[in-house]
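Structure, as structure tokens:
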Amino acid sequence: LLVAGLCRRLYLCLCLWILSSRVGRVCRNMDQIQSMLVGKNGAEGAEKILESLPIEEVQRMLKDSNRNVQTKQTELQLMVGSRYHEIIDSADSIVEMKEEVQQVVELLIAFPKDYKGLVENVPKALPEEKVREATGERRG
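Okay, structure coming up:
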């Protein structure tokens, strides 16, 4: 069971390795490795590769693929983190816009009432002579 788990992990690591650009430098015969992995059972292909390569090379491939996985995980975490902050900033902006729109709506609703009060109160605040001049009335 332990060997099967190790073979599965190595198989996945080797698949990742084959997909990476560094496989050409590490393995001389990429077609042979791909044909081993494409067989009926991927674990058998991984076993064949493990048997055909020196232990140092397999360890190096495993180490490099693990490093590659770590790098990709870190990149993904950074990307998700930056997107999260962008979403939070956008949500804050939307909340601010909603509050500002509510204030504008309240002002527009209150405008007719305030305008009516202004029209009624302006003549009271001005001297009678100025009001008569503005309205065109003459003293009788």
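Going letter by letter, the sequence shown gives residues -28 to -1, 1 to 112 in mature numbering (1 follows the signal peptide of the UniProt record, and there is no 0).
We put the beta carbon where it would ideally sit given N, CA and C, even for glycine.
So, helix, strand or coil for residue i, using DSSP?
i	result
G108	coil
P26	coil
P84	helix
For residue i, I'd like the list of residues in its chain whose CB is within less than 7 Å of its CB, leaving aside the five on either flank, ordered along the chain.
i	result
R55	none
V30	L22
S(-8)	For S(-8), the pLDDT reaches just 46, beneath the cut-off of 50, and the residue's location in the model is therefore unreliable, leaving the point undetermined.
Beta-carbon within less than 6 Å of residue i's beta-carbon, same chain only, minus the 5 sequence neighbours each way: which residues are those?
i	result
T107	none
I59	none
Could you tell me whether the Cβ of residue i comes closer than 8 Å to any Cβ of chain D?
i	result
R39	Protein chain content of the structure displayed is limited to a single chain, and chain D is not contained in it.
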